[in-house]
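S.K.: I'd like to ask some things about the structure below.
In full-length UniProt numbering, the protein residues as written are 1 to 125.
What follows is the structure, given as structure tokens:
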């Protein structure tokens, strides 16, 4: 069983929470939506810092961050260390922008559903 909520989960919930909507609309797992919300509270975090906050393995957090970046929900910035080398710091997409992305994705989905309804049986007419 997948940890990604289905659209039916969202439609059947009278008052879905933001984390559930985020996971469903973007097709991400619940732990990825939790990682995003944690990034909003802790901008500029490293994988190690997020792993500690989320109490998850660093490799799992790294995979979540990769997914969030692919969905446009996180950004990575390389910071040079005084001692040499560098680390990556991650920041979540600001909430107003993420909300706009959610609205746009839902509007596009609704348009496709309406089109599918309207086109059904049209070839038979």
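For glycine and all other residues, C-beta sits at the position ideal for the given N, C-alpha and C.
Hey, quick one: how far does the beta strand (DSSP E) through residue 53 stretch, first residue to last?
M.R.: First-last for residue 53: 47-54, but that is the alpha helix (DSSP H), not the beta strand (DSSP E).
S.K.: What separation, rounded to the nearest whole angstrom, lies between the Cα atoms of residue 36 and residue 59?
M.R.: Spanning the two alpha carbons is a distance of roughly 16 angstroms.
S.K.: Which residue marks the beginning of the alpha helix (DSSP H) containing residue 20, and which one marks its end?
M.R.: 18-26
S.K.: According to DSSP, simplified to helix, strand and coil, what is residue 77?
M.R.: strand
S.K.: Which value, in whole angstroms, describes the spacing of the CA atoms of residue 55 and residue 20?
M.R.: 20 angstroms
S.K.: Any contact of the stretch 116-123 with the stretch 74-94, i.e. 3+ C-beta pairs under 8 angstroms?
M.R.: Judged by pairs of C-beta atoms under 8 angstroms, the stretch 116-123 does not touch the stretch 74-94, as fewer than three such pairs exist.
S.K.: Here's a check: name, in chain order, each residue in its chain whose Cβ is nearer than 8 angstroms to the Cβ of residue 48, leaving out the five neighbours to either side.
M.R.: 58
S.K.: Judging by CA-CA distance, which residue of 85, 23, 11 is the nearest neighbour of residue 98?
M.R.: For residue 98, the nearest C-alpha among the options comes from 23.
S.K.: What first and last residue would you give for the beta strand (DSSP E) that runs through residue 91?
M.R.: 86-92
S.K.: In three-state terms, what does DSSP make of residue 123?
M.R.: helix
S.K.: Going by other Cβ atoms of all chains shown within 10 Å of its Cβ, with 16 needed for buried, is residue 1 buried or exposed?
M.R.: Bear in mind that a pLDDT of 40 at residue 1, under 50, signals an unreliable position, so the model cannot answer this.
S.K.: Would you call the CB atoms of residue 64 and residue 32 closer than 7 angstroms?
M.R.: yes
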